[in-house]
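A.B. asks:
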Amino acid sequence: MELPAIVVNVKTYRQATGEAAVSLAHIMEEVRRETGASLVIAVQAADIYRVAQAVDIPVWAQHLDPVTYGSHTGWTLPESLVEAGACGVLLNHSEHQLRIADIAAALGRARKAGLETIVCADNIAVTRAVAALEPDLVAVEPPGLIGGEVSVTSAEPEIVVGAVSAVESISPRTAVLCGAGVKTGEDIRTALELGAAGVLLASGVVKAAHPKKVLLEMAEALIPQ
Ligand code: G3P
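Residue numbering for the sequence shown follows this note's numbering, starting at 766 and increasing by one per position.
Written out as structure tokens, the structure reads:
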């Protein structure tokens, strides 16, 4: 992933399911074209193929299972995500938490399939534990702020600074994103000032009345003119 970046995780929001995911991805692609900002969309597994066919921005999966080809009914095979057009995968989101052994197994399978990885962490202790697994990125997100009105960058800047320094000392190759409540260009600027390499966000864009307006403001903050 080109850094700094804004990763939009559309979760299972109606506003970004099916064709609506394609529409949002088109808007993100326009903003990428107009500003040069690095924008990534993480969609539901069922939408990866249609979104990846429609746009040039990176499309990520929201989860995978550490299974291999064979008898694993109902699980998500990493290679199937790659074939659908995914470039990377989120793991251990606070809405889809995994045990550390399962994160390690999922990371191993993601790497083998050629997917980039973001592992989410809800506090500094978990950040430390997952950094030891050396993912490409760690995203620190205090669960209490997710979906809320107040950004982690103003409510808990110390968790961003703490995550950045913990990851730097444990896995210097891993970049840090922050997320939860991120909604404005100012939030993005602060995230970068705190040492993050970008943000992971959802509702601020997906539920916005005018997603393009919000994304433009954020993208301009990511790449100061
Ligand atoms: O994955 C992003 C996320 O959990 C933050 O959600 O709605 O607070 O931007 P939101």
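Glycine included, each C-beta is placed from N, C-alpha and C at the ideal position.
No experiment lies behind these values; they were computed from the predicted model shown.
Among I988, A897 and T949, which residue has its Cα nearest to the Cα of V979?
C.D. replies: When only C-alpha atoms are compared, the closest one is T949.
A.B. asks: What residue from A974, H837, L872 and E951 has the CA that sits closest to V964's CA?
C.D. replies: E951
A.B. asks: At the level of alpha carbons, what is the spacing between S934 and A940?
C.D. replies: 12 Å
A.B. asks: Would you give the residue range spanned by the beta strand (DSSP E) that E881 belongs to?
C.D. replies: E881 to A886
A.B. asks: Could you tell me whether the Cβ atoms of A967 and E906 are closer together than 7 Å?
C.D. replies: no
A.B. asks: Measuring from the CB of L804, is there a heavy atom of the ligand G3P at a distance below 6 Å?
C.D. replies: no
A.B. asks: Kindly list the residues whose CB is nearer than 7 Å to the CB of V796, restricted to its own chain and excluding five residues on each side of it in sequence; keep chain order.
C.D. replies: If we look at V796 and ignore the five residues flanking it on each side, its Cβ neighbours are A802, L804, K977, L980, L981 and A984.
A.B. asks: Would DSSP call L980 helix, strand or coil?
C.D. replies: helix
A.B. asks: Going by DSSP, what residue range makes up the alpha helix (DSSP H) through V853?
C.D. replies: First, the amino acid is wrong: residue 853 is Gly here, not Val. First-last for G853: G853 to L856, but that is the beta strand (DSSP E), not the alpha helix (DSSP H).
A.B. asks: Can you check which of these residues, P922, V970 and A894, is closest to S788 by C-alpha distance?
C.D. replies: V970
A.B. asks: Among the residues of its own chain, which have a CB less than 6 Å from the CB of A886, if the five just before and after it don't count?
C.D. replies: T892, V895, V903 and V905
A.B. asks: Checking 7 Å against the spacing of the C-beta atoms, do L872 and L898 come in under that value?
C.D. replies: yes
A.B. asks: For the structure I just gave you, are there three or more beta carbon pairs, one from the segment 922-938 and one from the segment 863-881, closer than 8 Å?
C.D. replies: no
A.B. asks: If you reduce the DSSP assignment to three classes, tell me which class G912 lands in.
C.D. replies: coil
A.B. asks: Can you tell me where the alpha helix (DSSP H) holding A931 begins and where it ends?
C.D. replies: P922 to I935
A.B. asks: Just tell me which of P908, I813, I822 and Q818 has its CA closest to the CA of P843.
C.D. replies: Minimum Cα distance to P843 is reached at I813.
A.B. asks: Under 7 Å, do C1033 and A931 count as touching if we go by C-beta distance?
C.D. replies: Absent from the model: residue 1033. The displayed extent of the chain is 766 to 990, so no value can be given.
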